[in-house]
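Please read the structure below before turning to the comments.
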Amino acid sequence: MRLAGKKALVTGGGSGFGAGIARKFSEEGAAVAIADIDIASAEKVAGEIEGVAIETDVADSESVERLSKDVHAQFGGLDVLVNNAGITHLPSPMEEIAEDEFDRVFAVNCKSVYLTAKHFIPLMKSRGGGSILNVASTAGVSPRRNLSWYNASKGWMITATMTMAIELAEYSIRVNALTPVAGETPLLKRFLGEDTPEMRAKFLATIPLGRFSAPEDIGNAACFLCSDEASLITGTALNVDGGRCI
148 MRLAGKKALV TGGGSGFGAG IARKFSEEGA AVAIADIDIA SAEKVAGEIE
198 GVAIETDVAD SESVERLSKD VHAQFGGLDV LVNNAGITHL PSPMEEIAED
248 EFDRVFAVNC KSVYLTAKHF IPLMKSRGGG SILNVASTAG VSPRRNLSWY
298 NASKGWMITA TMTMAIELAE YSIRVNALTP VAGETPLLKR FLGEDTPEMR
348 AKFLATIPLG RFSAPEDIGN AACFLCSDEA SLITGTALNV DGGRCI
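Structure below.
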């Protein structure tokens, strides 16, 4: 029960990595709120773990502000914040990505981190500390062709993690990132362009351990970084990638 008594929020927790993190946190004793734009998916996962589901657009300031008020009303504070919600664009040459698609990728992947910081850091300061985890990607460490602006957004998250860690250390708030390799999540098809055995085999050939990541892999790593076992770790980006970035 490494997170016993902790109050945690996972954005994008209705599916994929976010659901894996939410389930692991609950198993380890945390009370978990799941924020997702797909409220039906959030409610399904919340029902499994006796958590709280809150419909949220993480790219919208008013929506995130309402989320912070709901979390405060439900939990009275927050110990662990996981910025997991994210999207990508389809593989294309960088100059062919539509402007509105570029804007949406950066709004969901980057602006959301700013908005949750704006509305939740005061709650964490009031509790005397906490842990923030940003779910980035191997794309921010070892970029892939034709995913240019997604790569850049995840690189931004890694840099944001380091600058947040420096500024928040004096408040006993640790900030770390995970950089997962592509996994069995709803985003896989968009990463690959098309989900075919041939495309999967081509991508798996770049992962030394020979498999995609699973939500359980990310949940386990997230649990460690957000637990007291990692009390001296801040500002790091942990690869959960089967050796992809070596």
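Note that our numbering gives residue 284 to position 137 of the sequence shown, counting from 1, and the numbers run on in steps of one. Backbone N, C-alpha and C define an ideal beta-carbon position, used for all residues, glycine too.
Check	Outcome
Stretch-stretch touch, CB-based, cutoff 8 Å, three pairs: the segment 160-177 with the segment 357-369	yes
Between the CA atoms of S295 and D375 - distance to the nearest angstrom	36 Å
Assigned secondary structure, L339 (DSSP; H/G/I helix, E/B strand, else coil)	helix
Close-in-space but distant-in-sequence residues of the same chain around S210 (CB under 6 Å, 5 per side omitted)	T203 and D204
N- and C-terminal bounds of the alpha helix (DSSP H) containing R170	G163 to E174
Rounded C-alpha distance that separates R291 from R149	36 Å
L280 - DSSP class collapsed to helix/strand/coil	strand
Cβ pair A178, K153 closer than 9 Å	yes
Selected residue, minimal CA-CA separation from I184, among A220, L325, N231 and A348	N231
Contact under 9 Å by Cβ, A384 with A299	no
With 16 other Cβ atoms within 10 Å as the buried cut-off, status of R358	exposed
The segment 218-227 in contact with the segment 268-277 per 3-pair CB rule at 8 Å	yes
Sub-9 Å separation of G277 and I244 beta-carbons	no
K301 versus R391 - alpha carbon distance	16 Å
Coil, strand or helix - E112 by DSSP	Outside the displayed range of the chain (148 to 393) lies residue 112, so it cannot be described from this structure.
Expected contact under 8 Å - CB spacing of G198 and A180 to nearest Å	6 Å
Buried versus exposed, by CB contacts within 10 Å (16 or more), I313	exposed
Beta-carbon contacts of W303 that lie in its chain and below 6 Å, excluding the five residues immediately before and after	C257
Contacting residues, own chain, Cβ-Cβ under 6 Å from Y318 (five flanking each side not counted)	K272
Collapsed DSSP secondary structure at T326 in the structure displayed	strand
Own chain, CB closer than 8 Å to I354, minus 5 neighbours either side, in chain order	V328, D388, G389, G390 and R391
Uninterrupted beta strand (DSSP E) stretches inside the segment 186-254 (no shorter than 3 residues)	199-202 and 227-230
Where the alpha helix (DSSP H) containing V157 begins and where it ends	Element bounds for V157: not the alpha helix (DSSP H) but the beta strand (DSSP E), K154 to T158.
Same chain, Cβ closer than 6 Å to E190, five either side skipped, listed in chain order	A200
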